[in-house]
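Student: Residue numbers (the working numbering): 12 to 448. Using N, Cα and C, we set each Cβ at its ideal position, and we do this for glycine too.
#1: Quick check for students: name the residue ranges of the alpha helix (DSSP H) that lie wholly in the stretch 76–123, counting only runs of 4 or more.
#2: May I ask you to report which of helix, strand or coil DSSP gives residue 438?
#3: Among the residues of its own chain, which have a CB less than 6 Å from the CB of residue 253, if the five just before and after it don't count?
#4: Please list, in chain order, all residues of the same chain as residue 7 whose beta carbon is under 8 Å from its beta carbon, the five residues on each side excluded.
#5: Should residue 450 go down as buried or exposed, given a rule of 16 or more other Cβ atoms within 10 Å for buried?
#6: Considering only C-alpha positions, which residue in the set 153, 239, 270, 198 is nearest to residue 300?
#7: When the Cα atoms are used, what is the spatial distance from residue 60 to residue 274?
#8: Just to confirm, is the Cβ distance from residue 405 to residue 431 under 9 Å?
#9: Less than 9 Å between the C-beta atoms of residue 369 and residue 101, yes or no?
#10: Check residue 12 in the structure and name its three-state DSSP category.
#11: For residue 189, which of helix, strand or coil comes out of DSSP?
#12: In the stretch 15–42, which residue ranges form an unbroken alpha helix (DSSP H) of at least 4 residues, counting only runs that do not cross its ends?
#13: Please classify residue 129 as buried or exposed, where buried requires at least 16 other C-beta atoms within 10 Å of its C-beta.
#14: Per DSSP, what kind of secondary structure is residue 289 in: helix, strand or coil?
#15: So residue 453 and residue 289 are in contact, right, with Cβ under 8 Å, and what is the actual spacing, rounded?
#16: Look up residue 403 in the DSSP assignment and say whether it is helix, strand or coil.
#17: Would you report the Cα separation of residue 382 and residue 192, rounded to the nearest angstrom?
#18: Return the chain-ordered list of same chain residues with a C-beta closer than 6 Å to the C-beta of residue 237, the five sequence neighbours on each side being excluded.
#19: Who are the Cβ neighbours of residue 454 in its own chain at under 6 Å, not counting the five residues just before and after it?
#20: Identify, in the order they occur along the chain, each residue of the same chain with its Cβ nearer than 6 Å to the Cβ of residue 395, setting aside the five sequence neighbours on each side.
#21: Which runs of the alpha helix (DSSP H) at least 4 residues long sit entirely within the stretch 118–205? Give them in chain order.
#22: Any contact between the stretch 63–81 and the stretch 332–339? By contact I mean 3 or more CB pairs, one from each, below 8 Å.
#23: Helix or strand or just coil, what does DSSP make of residue 233?
#24: Ignoring anything shorter than 4 residues, give me the alpha helix (DSSP H) runs that lie fully in the stretch 264–322, in order along the chain.
#25: Tell me which residue opens and which closes the alpha helix (DSSP H) that residue 331 is part of.
#26: Kindly indicate which residue of 295, 316, 348, 313 has the alpha-carbon position closest to the one of residue 379.
#27: Return the chain-ordered list of same chain residues with a C-beta closer than 8 Å to the C-beta of residue 408, the five sequence neighbours on each side being excluded.
#28: In terms of alpha-carbon separation, which member of 88, 126, 104, 33 lies closest to residue 137?
#29: How many Å lie between residue 310 and residue 181 at the Cα?
#30: So, residue 121 versus residue 414, is the Cβ gap smaller than 9 Å?
#31: Assuming residue 27 contacts residue 176 under a Cβ cut-off of 8 Å, what Cβ separation, rounded to an integer in Å, is found between them?
#32: Verify whether the separation of the beta carbon atoms of residue 156 and residue 146 is less than 9 Å.
#33: What residues in its chain sit with their C-beta under 7 Å from that of residue 89, if we drop five residues either side in the sequence?
#34: Might you give, ordered along the chain, the residues of its own chain that have their beta carbon closer than 8 Å to the beta carbon of residue 442, omitting 5 neighbours on each side?
#35: Rounded to whole angstroms, what's the CA-CA distance from residue 16 to residue 209? Just pull it up for me.
Right, dumping it as structure tokens:
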């Protein structure tokens, strides 16, 4: 393959470029925004101003595609830890039993992570990352996409065009213009609004724990996350479904008091704000079912949020995009029909999508189809989380699913079901090597 054009230079597009760099002679990544030299916010990544999760599987894949990335991020202030022993995971208002879980996470701001990935990808042989280049359409010949057309009027030829442009992807409308059907969309209307503040971090905050992840409950449809990051800072995001957190810090602190557990409120009560708070609203989780199309042009692929834009509070987007980049590499290296790529991406998305949809549909006000299966799974998971407060092995199994290492079905295996039945009201069962703070 001679030339690949990738639309979008966010994490998804950059990882796609890294994955294809050993297959294509040339790769051009086109980004609408001007790309800054420093790690600063830009218009196209509004989410960079809010807390981001990097799951264990996402970190593994990024390291595979860009060897040494973890060490480079660590040298610039990022730091890692055990995702079970060092993190406070709070579901149904209950903390998962802490213990060494064997899963490594990395705490790093979105700005530093994306900036370092961009620097690494731009340095790969044959790869160009170009800012200020907005794609307005596709060029084609018959049933094959042959390149892209820019707003400036310039056209760029390509053997393969990869749309990694995110939630605002225009591929559905471009397909209709070319005479192809657009994918069916699945939407779960969540009406999620959240507010984020960056705070000064002190060594004794949260008894030294660097992470709090707190899920919404049926009774309290509000959630929050506090992540330590480089520069002795916290990034703290809190929000609710059909809700609107206050924009001032005093209101932010009061809102945090209403969360399902007190951990984040205790942190923000005595913390020092370093930046003004920022608001964001996500109306829906959206999945485009490309894998169900019977006709699709050759020479075009779609990845990342352009395929499935998750509820961001679950922190799955970057990690799912990383795994999709591997699927893109496998597909492109074999020159197979694009339907095979979309089916493999669908298998990557299925698990995280099921987690997000089922989790959101248990909350009042979220609009979507509540099937008997979803209701049954949610009832089981409520009992599961009660048991996992006392059983570190259940906690480990849950985190392997949450971090995309195991499929959701792993929580329904007989050994897991038995532990839930036995432990849901029992005493704490933790790894004997774990010492509580």
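Tutor: If we stick to the structure as given:
#1: If we require 4 residues or more, the alpha helix (DSSP H) runs fully inside the stretch 76–123 come out as 80–86.
#2: Reliability of the predicted coordinates at residue 438 is poor, the pLDDT of 43 falling under 50, and no value is obtained from them.
#3: A distance below 6 Å between beta-carbons, with the five flanking residues on each side excluded, links residue 253 to the following residues of its chain, in chain order: 202, 376.
#4: With the chain covering only 12 through 448, there is no way to say anything about residue 7.
#5: Outside the modelled stretch of the chain, which goes from 12 to 448, sits residue 450, for which no answer is possible.
#6: Selection 153, 239, 270, 198 evaluated against residue 300 yields 198 as nearest (Cα-Cα).
#7: C-alpha separation (whole angstroms): 22 Å.
#8: It is a contact, given that the beta carbons lie within the stated cut-off.
#9: For residue 369 and residue 101, no; Cβs fall outside 9 Å.
#10: In the three-state DSSP reduction, residue 12 falls in the coil class, being neither helix nor strand.
#11: The answer is coil: DSSP assigns residue 189 none of H, G, I, E or B.
#12: Whole alpha helix (DSSP H) segments, 4+ residues: 22–31.
#13: Burial state of residue 129 is buried, judged by a 10 Å Cβ sphere holding 16 or more other Cβ atoms.
#14: Strand, per DSSP.
#15: In this structure the chain extends from 12 to 448, so residue 453 is not present and cannot be described.
#16: The answer is helix: DSSP assigns residue 403 an H, G or I state.
#17: Roughly 28 Å separates the two Cα atoms.
#18: 223, 245, 247, 275, 278.
#19: As displayed, the chain neither begins before 12 nor continues past 448, which places residue 454 out of reach and without an answer.
#20: Same-chain partners within the cutoff: 431.
#21: Counting only runs of 4 or more, we get 121–133, 182–188.
#22: They touch, by the three-pair rule.
#23: Here residue 233 sits in strand by DSSP.
#24: Whole alpha helix (DSSP H) segments, 4+ residues: 274–280.
#25: Run containing residue 331: 328–343, per the alpha helix (DSSP H) assignment.
#26: Minimum Cα distance to residue 379 is reached at 295.
#27: Leaving aside the five residues that flank residue 408 on each side, the residues in its chain whose CB is nearer than 8 Å to its CB run, in chain order, 417, 421, 422, 427.
#28: For the residues 88, 126, 104, 33, the minimum Cα distance to residue 137 belongs to 33.
#29: When rounded, the distance between both Cα atoms is 16 Å.
#30: In terms of Cβ geometry, residue 121 and residue 414 do not form a close pair [threshold 9 Å].
#31: 11 Å between Cβ atoms; not a contact.
#32: No. Outside cutoff.
#33: Here the set comprises 117, 118, 119, 123, 241.
#34: Model confidence at residue 442 stands at a pLDDT of 38, short of 50, so the residue's coordinates are unreliable; what they give is reported in the following sentence. If the five residues before and after residue 442 are omitted, its C-beta is found closer than 8 Å to the C-beta atoms of 110, 111, 403, all from its own chain and listed in chain order.
#35: Rounded to the nearest whole angstrom, the C-alpha separation of residue 16 and residue 209 is 36 Å.
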